[in-house]
Amino acid sequence: MASLDLVNVQKSFGPVKILHDISIGLKDGEFLVLVGPSGCGKSTLMNIIAGLEEPSGGSLTLEGRDITTVAPAERNISMVFQSYALYPNMTVAKNIEFPLEMRKVEKSKRAERVKSVSKLLQIEHLLERKPRQLSGGQRQRVAIGRALAREPQLYLFDEPLSNLDAQLRVDMRTEIKKLHQRLKATIVYVTHDQIEAMTLATRIAVMKGGVLQQLGTPHEVYNRPANTFVASFMGSPRMNLVKARVAAHGDGLALTIQQGSAAAVHIDLPRDAVPAALARYSGEELIAGIRAEAVTLATEGMVAGPMQRFVDARIEVIEPTGADTLVVLDLGGHEFTVRLDPDLALTPGQNARFLVDLSKLVCFDPKTESLIA
Amino acid sequence: MANAHTHAIVHVHGASGIQPRLDLARIALYAVLFACAVVFLMPVYVMVVNSFKPLDEIRSGNLMSLPIDWTVAPWLSAWSTAQIGVEPTGLRPFFINSFLLVIPAVVLSTLIGALNGYILTQFKFRGANLMFAAMLFSVFIPFQIVLIPMAKTLGFLGLAGTVKGLIFVNTVYGIGFTTLFFRNYYAAFPAELIRSARMDGAGFFGVMLRILLPNSTPIIVVTVIWQFTNIWNEFLFGASFSDFSSYPLTVALNNLVNSSTGVKEYNVHFAGAFIAALPTLIVYMVSGKYFVRGLMAGSVKG
Amino acid sequence: MKAGYLPKLLFSPSVFLVLVCVYGYIMFTIYLSFTTSTMLPQYDWAGTANYTRLLGLDNWQVSLGNLATFAGLYIVIAMALGLGLAILIDQKIRAESAFRSIFLYPMALSFIVTGTAWKWLLDPGVGLERSMHLLGWESFSFTWIKDSEMAIYCVVIAAVWQTSGFVMAMFLAGLRGVDTEQVNAAKVDGARTWQIYLRIILPQLGPVFVSAFVILAHMAIKSYDLVIALTNGGPGRSTWLPSVFMYQYTFTRNEMAVGAASSVLMLVAIGAVVLPYLFSEMRKVKNG
Numbered sequence: 000m001a002s003l004d005l006v007n008v009q010k011s012f013g014p015v016k017i018l019h020d021i022s023i024g025l026k027d028g029e030f031l032v033l034v035g036p037s038g039c040g041k042s043t044l045m046n047i048i049a050g051l052e053e054p055s056g057g058s059l060t061l062e063g064r065d066i067t068t069v070a071p072a073e074r075n076i077s078m079v080f081q082s083y084a085l086y087p088n089m090t091v092a093k094n095i096e097f098p099l100e101m102r103k104v105e106k107s108k109r110a111e112r113v114k115s116v117s118k119l120l121q122i123e124h125l126l127e128r129k130p131r132q133l134s135g136g137q138r139q140r141v142a143i144g145r146a147l148a149r150e151p152q153l154y155l156f157d158e159p160l161s162n163l164d165a166q167l168r169v170d171m172r173t174e175i176k177k178l179h180q181r182l183k184a185t186i187v188y189v190t191h192d193q194i195e196a197m198t199l200a201t202r203i204a205v206m207k208g209g210v211l212q213q214l215g216t217p218h219e220v221y222n223r224p225a226n227t228f229v230a231s232f233m234g235s236p237r238m239n240l241v242k243a244r245v246a247a248h249g250d251g252l253a254l255t256i257q258q259g260s261a262a263a264v265h266i267d268l269p270r271d272a273v274p275a276a277l278a279r280y281s282g283e284e285l286i287a288g289i290r291a292e293a294v295t296l297a298t299e300g301m302v303a304g305p306m307q308r309f310v311d312a313r314i315e316v317i318e319p320t321g322a323d324t325l326v327v328l329d330l331g332g333h334e335f336t337v338r339l340d341p342d343l344a345l346t347p348g349q350n351a352r353f354l355v356d357l358s359k360l361v362c363f364d365p366k367t368e369s370l371i372a
Numbered sequence: 000m001a002n003a004h005t006h007a008i009v010h011v012h013g014a015s016g017i018q019p020r021l022d023l024a025r026i027a028l029y030a031v032l033f034a035c036a037v038v039f040l041m042p043v044y045v046m047v048v049n050s051f052k053p054l055d056e057i058r059s060g061n062l063m064s065l066p067i068d069w070t071v072a073p074w075l076s077a078w079s080t081a082q083i084g085v086e087p088t089g090l091r092p093f094f095i096n097s098f099l100l101v102i103p104a105v106v107l108s109t110l111i112g113a114l115n116g117y118i119l120t121q122f123k124f125r126g127a128n129l130m131f132a133a134m135l136f137s138v139f140i141p142f143q144i145v146l147i148p149m150a151k152t153l154g155f156l157g158l159a160g161t162v163k164g165l166i167f168v169n170t171v172y173g174i175g176f177t178t179l180f181f182r183n184y185y186a187a188f189p190a191e192l193i194r195s196a197r198m199d200g201a202g203f204f205g206v207m208l209r210i211l212l213p214n215s216t217p218i219i220v221v222t223v224i225w226q227f228t229n230i231w232n233e234f235l236f237g238a239s240f241s242d243f244s245s246y247p248l249t250v251a252l253n254n255l256v257n258s259s260t261g262v263k264e265y266n267v268h269f270a271g272a273f274i275a276a277l278p279t280l281i282v283y284m285v286s287g288k289y290f291v292r293g294l295m296a297g298s299v300k301g
Numbered sequence: 000m001k002a003g004y005l006p007k008l009l010f011s012p013s014v015f016l017v018l019v020c021v022y023g024y025i026m027f028t029i030y031l032s033f034t035t036s037t038m039l040p041q042y043d044w045a046g047t048a049n050y051t052r053l054l055g056l057d058n059w060q061v062s063l064g065n066l067a068t069f070a071g072l073y074i075v076i077a078m079a080l081g082l083g084l085a086i087l088i089d090q091k092i093r094a095e096s097a098f099r100s101i102f103l104y105p106m107a108l109s110f111i112v113t114g115t116a117w118k119w120l121l122d123p124g125v126g127l128e129r130s131m132h133l134l135g136w137e138s139f140s141f142t143w144i145k146d147s148e149m150a151i152y153c154v155v156i157a158a159v160w161q162t163s164g165f166v167m168a169m170f171l172a173g174l175r176g177v178d179t180e181q182v183n184a185a186k187v188d189g190a191r192t193w194q195i196y197l198r199i200i201l202p203q204l205g206p207v208f209v210s211a212f213v214i215l216a217h218m219a220i221k222s223y224d225l226v227i228a229l230t231n232g233g234p235g236r237s238t239w240l241p242s243v244f245m246y247q248y249t250f251t252r253n254e255m256a257v258g259a260a261s262s263v264l265m266l267v268a269i270g271a272v273v274l275p276y277l278f279s280e281m282r283k284v285k286n287g
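Protein chains in written order, with numbering that gives the first Met the number 0: chain A, 0 to 372; chain B, 0 to 301; chain C, 0 to 287.
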């Protein structure tokens with residue numbers, strides 16, 4: 000296993016710049032997920048790491064070796080493709096064996112390796128079948144098997160779960176995580192699904208428009224997003240982002256949320272909940288972000304802790320998911336989604352009181368949209 | 000988490016990821032392709048170049064070299080005065096014959112093919128698939144096998160030795176191909192469009208004239224090009240069913256070249272061959288991808 | 000939609016024409032092959048006499064031998080050349096469409112035109128041999144077209160020149176139908192370019208090989224125009240093919256029944272190549 004360094008990687012197709020100065024340092028054994036919407040450049044970056052495309056600028060180093068212009072075959076990497084890319088005219092066994100054959104590994108060692116890989120992935124019974132006789136999930140395992148055969152320094156996964164149906168996707172996600180823990184492999188994984196990113200990664204690289212938006216652990220990306228894009232991209236339902244006005248309040252600050260002719264909502268902010276830099280925005284507007292699960296329904300006799308505050312809001316829409324209830328509120332004229340307990344008796348139009356955990360509050364500059372830290 | 004390494008920024012040429020770099024293997028590749036291109040172009044080059052030489056220059060000189068004494072006499076001869084059979088008419092009347100043959104035959108066989116394609120894909124009736132298979136196979140038969148009975152039939156219909164007779168023959172044996180082309184095209188046509196037209200009250204001709212045909216331009220072009228090329232270049236039927244007045248151009252050209260009497264006027268032969276080749280070559284160059292599509296459609300299964 | 004009377008009515012002329020002018024005529028010719036027809040059709044039964052005579056005729060044996068040689072070489076060389084050109088062009092060439100057009104244009108020409116051009120090109124007195132002599136290479140000898148042993152190879156050369164572009168177009172389409180992710184996977188797996196072609200791409204082109212074979216084989220059996228223009232069957236009858244035989248015996252030698260029999264055998268040969276292919280294709284279409 001190995002460390003991977005991307006330094007100022009750029010890519011242009013003619014006048015169109017696809018990747019802008021991507022720099023990521025990946026340690027041995029890490030699971031890096033490149034996540035972002037379609038067109039953000041994650042697949043292009045993956046292809047550059049694989050060697051299937053050359054960068055227009057910047058460099059790549061694998062375990063100290065410069066691989067910027069090295070051919071894919073020489074990079075000691077394996078890749079699992081979105082469409083699995085199994086060789087249709089070969090059996091499963093031959094598919095898995097192929098990379099070993101190309102590296103001129105001796106025949107008995109090859110057979111041994113195929114056996115151990117297929118056992119690990121529970122596809123031993125499929126070894127003599129051809130890809131067209133396999134289901135989607137089975138093909139996926141074979142593709143992973145082919146990648147595992149060579150024990151390379153780096154594994155690349157290009158949206159491997161996109162073509163599977165929802166339940167299978169969840170199961171395979173767990174399988175991949177288990178594989179990572181078992182093999183302690185260095186993995187770069189591309190997906191557009193932020194849940195996959197959150198559950199699998201040791202670190203997430205959020206991309207948009209060819210620019211790296213944030214590189215951090217799932218916890219960091221989720222709780223301290225670097226900008227409003229990362230804030231709304233990660234997490235489901237999206238983080239609530241509302242325009243709020245900052246004002247001095249006693250010896251601290253308070254937020255006022257008001258849109259249109261609705262009644263204003265005032266929240267005074269505990270000193271420890273907000274960064275010092277927030278004081279600079281006193282008298283101005285900013286974008287306040289709070290996730291749906293940071294809010295609970297206030298009940299009789301509930302007391303607010305030092306980081307919590309009560310707010311009143313009107314319930315607009317109720318969406319029971321079975322595991323919880325998603326409720327869309329009118330908070331000071333803004334739509335605001337909260338995640339509540341599953342078995343509540345609420346009605347649309349009802350006014351209610353809620354408890355907000357302000358330790359989860361993040362604020363963004365209204366112009367740059369970056370985090371006020 | 001920016002990385003602290005300070006690698007130099009590497010700029011790579013041709014870095015679109017699409018054009019590989021120029022190295023020895025690529026040079027060899029282009030060299031081989033170029034050599035093959037030369038071989039493929041050579042016969043036409045020879046044909047054109049020698050059609051502008053006077054006869055003694057051909058006899059004394061190199062077939063491959065450019066003319067020293069440029070002359071258009073061979074072309075004039077090929078067109079209007081060369082001996083075809085026993086008459087010194089040049090190829091002109093037969094060029095006209097070919098046009099008189101090709102245009103109606105192409106129009107008719109295309110229309111019939113379109114009609115058949117429409118019927119075969121939009122209607123179910125007994126024997127439809129069998130008839131289509133029969134038409135498909137008819138494309139492959141050696142046409143020698145129909146020469147004798149067709150000769151009798153043409154005689155019976157009073158069409159023997161006429162251009163009209165050739166139109167009939169070429170149309171009949173073109174039906175297989177044109178039906179194949181249109182049938183495959185209409186089989187892939189979105190069914191919802193037709194269904195909604197029917198619901199709007201379009202009948203048999205309504206669907207055909209208002210929905211299918213207006214959206215059939217690609218296949219019409221492909222079919223016309225294919226039929227034009229095949230019928231213009233056709234020889235066997237021409238040789239078997241025409242007489243001197245109705246020879247198509249291919250037969251006349253063959254007559255010109257293979258006449259065993261007298262001096263072989265290579266330059267005239269070449270000029271004549273190029274005249275015969277010109278229409279289909281022009282169609283080829285102009286139609287490009289449609290020509291290829293016709294080849295592919297004609298080769299792909301039913 | 001179930002057919003009313005109108006579609007059936009409009010389809011019936013084509014049905015009539017194909018049934019009569021194709022299958023009816025074939026029946027007629029088959030019948031003729033069992034009669035005593037000479038210059039004109041005669042309807043007296045002759046049994047299998049014509050076939051016996053046919054198989055015993057030296058001209059027919061020569062024609063068959065020539066067909067075997069011609070078809071064998073033509074199919075193999077055209078496929079190899081077509082595949083080779085397709086692979087070369089598939090390498091992301093600049094001016095790809097120019098090269099493609101150059102290799103494909105002979106398909107737009109009549110076989111008569113092709114035959115005429117190659118006839119003089121291969122003629123020792125005025126063509127290639129003479130050019131070589133003029134360039135100083137006095138001992139160069141290329142008299143194949145005048146040589147009864149070698150003339151058939153000239154037909155092969157001209158035929159390959161005419162149709163390799165077509166085979167190339169078929170293979171190129173096939174090559175481009177291969178999933179690029181498989182090629183990428185093979186690159187990452189360590190395969191070199193020739194290994195990718197050999198192990199992954201070509202095995203998937205099976206159907207294209209079959210289609211190309213069927214088309215080339217049936218063209219070879221039907222070849223007539225090219226032979227007439229290039230050598231007119233000569234020297235002597237050394238480039239006779241069954242198609243030439245049929246025409247000669249029917250129209251020139253006044254042995255119509257024998258000519259009919261030869262065309263029937265041509266049909267059988269084509270049927271043997273084409274019918275299995277058609278059946279398997281139609282079954283594929285039916286099974287979806």
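The beta carbon of each residue, even a glycine, is placed where N, CA and C say it ideally should be.
Using beta carbons (cut-off 9 Å, strictly below), is residue i in contact with chain B?
i      : result
L72/C  : no
P123/C : no
A2/C   : yes
L66/C  : no
R175/C : no
S13/C  : yes
Is the CB of residue i under 9 Å away from at least one CB in chain A?
i      : result
Q300/C : Given that chain C is displayed from residue 0 to residue 287, the structure contains no residue 300/C and the question cannot be resolved.
Q194/C : yes
N183/C : yes
Under the rule that 16 or more other beta-carbon atoms within 10 Å means buried, what is residue i, buried or exposed?
i      : result
L102/B : Reading the sequence as shown, one finds Ile at residue 102/B and not Leu. Exposed, since its Cβ has fewer than 16 Cβ neighbours within 10 Å.
P347/A : exposed
I67/B  : exposed
Report yes or no: is there a C-beta of chain C within less than 9 Å of the C-beta of residue i?
i      : result
P148/B : yes
P217/A : no
T178/B : yes
N88/A  : yes
K151/B : yes
Can you tell me which of the three DSSP states residue i falls into?
i      : result
Y303/C : Absent from the structure is residue 303/C, since the part of chain C shown begins at 0 and ends at 287.
R129/C : helix
F227/B : helix
A3/B   : At A3/B, the pLDDT of 35 sits below 50, so the modelled position is not reliable; the number obtained from the coordinates is stated separately. Residue state, collapsed to three classes: coil.
G215/A : strand
V262/B : coil
Return the CA-CA distance between residue i and residue j, expressed in angstroms with no decimal places.
i      : j      : result
T173/A : Q81/A  : 18 Å
I200/C : P105/C : 28 Å
G50/A  : P71/A  : 5 Å
I195/C : A184/C : 10 Å
Item checked: Meets three-Cβ-pair contact criterion under 8 Å: the region 142-149 of chain C and the region 107-122 of chain C -> The region 142-149 of chain C is in contact with the region 107-122 of chain C.
Check: Within the chosen definition, does the region 269-283 of chain B reach the region 89-98 of chain C through at least 3 CB pairs nearer than 8 Å?
Finding: Result no; under three Cβ-Cβ pairs closer than 8 Å.
Check: Counting Cβ pairs, one atom from each stretch, are 3 or more of them under 8 Å apart for the region 307-327 of chain A and the region 362-370 of chain A?
Finding: Segments in contact, no.
Next item on the list: Could you tell me whether the region 248-256 of chain B touches the region 145-155 of chain B, where touching means 3 or more Cβ pairs closer than 8 Å?
Entry: Using a C-beta cut-off of 8 Å, the region 248-256 of chain B makes no contact with the region 145-155 of chain B, since fewer than three inter-stretch Cβ pairs fall below that distance.
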